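Residue numbers (the numbering used here): 20 to 180.
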């Protein structure tokens, strides 16, 4: 039933200037309804983390189509990026950005990834999460290096003046 409502809303929202905002809210509602409608914020956060990991695994999967890989790469990059479109220090809008854009990107990525690949990646993601949070520091090293350079340049410029 909700799938038909979602398709109808999609057709109606294409005409709206708030298309992406409404689609993002729709995605959040879709995730909440698909989980029996009873989900705490912590559970929602956990589910989003699992979906991001599954999208990442689908990105690495050899049979994923190139368009799906591009969207998956954008999704994972946005999720891991310390830079938001709307900074978090702006009250309400900063966090609303994460509540709308990230679920929207996850939703679009999942729609583009073939169902069998996504199911396999979700199962693998769930298994990895249950067996302990995977820690791979090589993905964090470039971010740490970039931030260290930025902070070093700021301190250098500030101390020279």
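Positions of the beta carbon are idealized from the N, C-alpha and C atoms, including for glycine.
Remember, predicted model here, so these are calculated numbers, not experimental data.
(request) Identify, in the order they occur along the chain, each residue of the same chain with its Cβ nearer than 7 Å to the Cβ of residue 95, setting aside the five sequence neighbours on each side. (result) Only 71, 74, 75 and 78 meet the Cβ criterion.
(message) Less than 9 Å between the C-beta atoms of residue 144 and residue 91, yes or no?
(response) Using a Cβ distance threshold of 9 Å, residue 144 and residue 91 do not count as a contacting pair.
(message) Out of 169, 174, 120 and 84, which one is the CA nearest neighbour of residue 132?
(response) Nearest of 169, 174, 120 and 84 to residue 132, Cα basis: 84.
(message) Using 8 Å for Cβ pairs, my map puts residue 124 next to residue 93. What's the rounded Cβ distance?
(response) Rounded, the Cβ-Cβ distance is 6 Å, consistent with contact.
(request) Compute the distance between the beta-carbons of residue 148 and residue 69, then report whether it is under 9 Å. (result) In contact: residue 148 and residue 69 (Cβ atoms closer than 9 Å).
(message) DSSP three-state label for residue 160, please.
(response) DSSP places residue 160 in helix when its eight states are reduced to three.
(message) Using only the alpha-carbon positions, how far apart do residue 89 and residue 139 sit?
(response) Going by the C-alpha atoms only, they are around 19 Å apart.
(request) Indicate the three-state DSSP secondary structure (helix, strand or coil) for residue 83 in the structure shown. (result) Residue 83 carries a coil assignment under DSSP once its states are collapsed to helix, strand and coil.
(request) Using three-state DSSP, classify residue 150 as helix, strand or coil. (result) DSSP places residue 150 in the coil class of the three-state scheme, outside both helix and strand.
(request) Could you have a look at residue 136 and say whether DSSP puts it in helix, strand or coil? (result) Secondary structure at residue 136: helix, using DSSP grouped into helix, strand and coil.
(message) Tell me the rounded alpha-carbon separation between residue 21 and residue 65.
(response) Residue confidence is low: residue 21 scores 45 on pLDDT, short of 50, so the model does not pin down where it sits. Its coordinate-derived value is still stated next. Taking the CA atoms as reference points, residue 21 sits about 23 Å from residue 65.
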